[in-house]
Every structure is written in structure tokens, then in C-alpha cells.
Amino acid sequence: MATSIPPTQTTRARGANIIPGDDDFDASAGPGPEVMDAATLIGDKVVNAQGEGLGEIEAIMLDVRSGRIAYAVLSFGGFLGLGSKLFAIPWSAFTLDAREKRFVLNVSKEKLENAEGFDKDHWPSMADTAWAVKVHEYYEVVPYWEDPLRGTADARTTAGSYRERPIESLGGLDRE
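Each residue of the sequence shown is one higher than the one before, starting from 2 at the first, in my numbering.
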């Protein structure tokens, strides 16, 4: 079954989109689709917009300095956990389908198969700026450390750590 997801928003740098679940959701009843225990996401299924299975969430990677979710690690392929390939997918590339209790990633199986992945014993250096930029470009989302909606951007230093600076210092932005 195909899933209707919001169009790709290449200017958005927040978090995952959310397709609401039940209309009678009571936010006072506890965690819901907007604030969740990260552990409950491990093992969640991921499909594309056509409803094809792409794998499941293996891990959630946090940028500890900024307090943001940077990536979800997706396990794809293989059989019974053997031979599967892992992919770091920018968090903002996902849409949470609360109705179906799964994530939607707007990529074809072929694009995912051709993406740069890794195996469980050889993880990439996710603090490497060049690697991170390449991954965000591949999935056509704004890097999570660039957040024009918040008014600041996290500037990566050459050492791979971050410092916040006013967004005006990025240049090229007209503010009216």
C-alpha cells in the first residue's frame, strides 16, 4: 500500500515529518508521535512512498553537543540479520507514519542499494564534515546543523566539534 507523504522539503532542517495517527489522540495520555522514547524506534519498519519494505531502524544517532537526532541507522537487505547493510539516513529525511506505526523514506530501493553504506563492524566517522555533507546531499535534505528556523547554525570546526553562531554570520541570507 502506497503511503502519501509530504513533498520533499529541501529547505527544512528540523526533524522528521509526521503523518498523524488517530484523530482522537490524547496528548495528556503520555508519549505520542511528537515526543517519543528513542528505544521504541529501534526495530521500526521503514518503507518507501510505494510501500516497499526498505528495512528497519537499527540505531538512533544523537549529536550530543546540539541535542539533536542526527541520523537513524537503517538495516537493509540480508536474511535473518546476516549480510545486511547499514545506512546512516539523516533524521529529517524520514516521515513518521503514526497511523501505520512505521517510517517512510522517500527513496527507491535502487537508490538505497546504491547509497554508501557500511557493515556492523566498520562504521563511518559520523563527525567527519565531508562525509556528513555527502550523506545529506544524497538524501536531498538540509544538514541538521544548519537550522535557519532556529536563527542559529551549528558551525562544525575542523576537529569535528561544534560551536553555535548567529545565522547572520553565514552570509547570503536576506532578513526583512
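Quick reminder that beta carbons are idealized off the backbone N, C-alpha and C, glycines included.
Beta-carbon contacts of residue i that lie in its chain and below 6 Å, excluding the five residues immediately before and after
i: residue 64; result: 71
i: residue 137; result: 91 and 144
i: residue 172; result: Only weak support is given to the placement of residue 172: the predicted model assigns it a pLDDT of 43, under 50, and the question is left unresolved by the model.
i: residue 142; result: 91, 93 and 94
Option nearest residue i by Cα separation, candidates the options
i: residue 101; options: 136, 47 and 40; result: 47
i: residue 127; options: 41, 77 and 61; result: 61
i: residue 105; options: 43, 57, 39 and 38; result: 57
i: residue 44; options: 115, 53, 52 and 103; result: 103
Backbone CA spacing between residue i and residue j [nearest angstrom]
i: residue 117; j: residue 88; result: 7 Å
i: residue 124; j: residue 74; result: 10 Å
i: residue 112; j: residue 139; result: 9 Å
i: residue 99; j: residue 135; result: 29 Å
i: residue 69; j: residue 41; result: 17 Å
i: residue 39; j: residue 122; result: 23 Å
i: residue 59; j: residue 132; result: 20 Å
Nonlocal neighbours in the same chain, by C-beta distance under 7 Å from residue i, ignoring five residues either side
i: residue 85; result: 76, 77, 78 and 79
i: residue 119; result: 87 and 125
i: residue 115; result: none
Cut-off 8 Å between Cβ atoms - residues of its own chain near residue i, not counting five sequence neighbours on either side
i: residue 55; result: 47, 48, 49, 75, 77, 106, 108, 110 and 113
Residue i CB to nearest heavy atom of the ligand ATP below 7 Å
i: residue 52; result: This structure simply doesn't include the ligand ATP, nor any ligand for that matter.
Exercise. Identify every run of the alpha helix (DSSP H) within the region 46-116, keeping only runs that are complete inside it and at least 4 residues long; order them along the chain.
Key: The region 46-116 contains these whole alpha helix (DSSP H) runs: 110-115.
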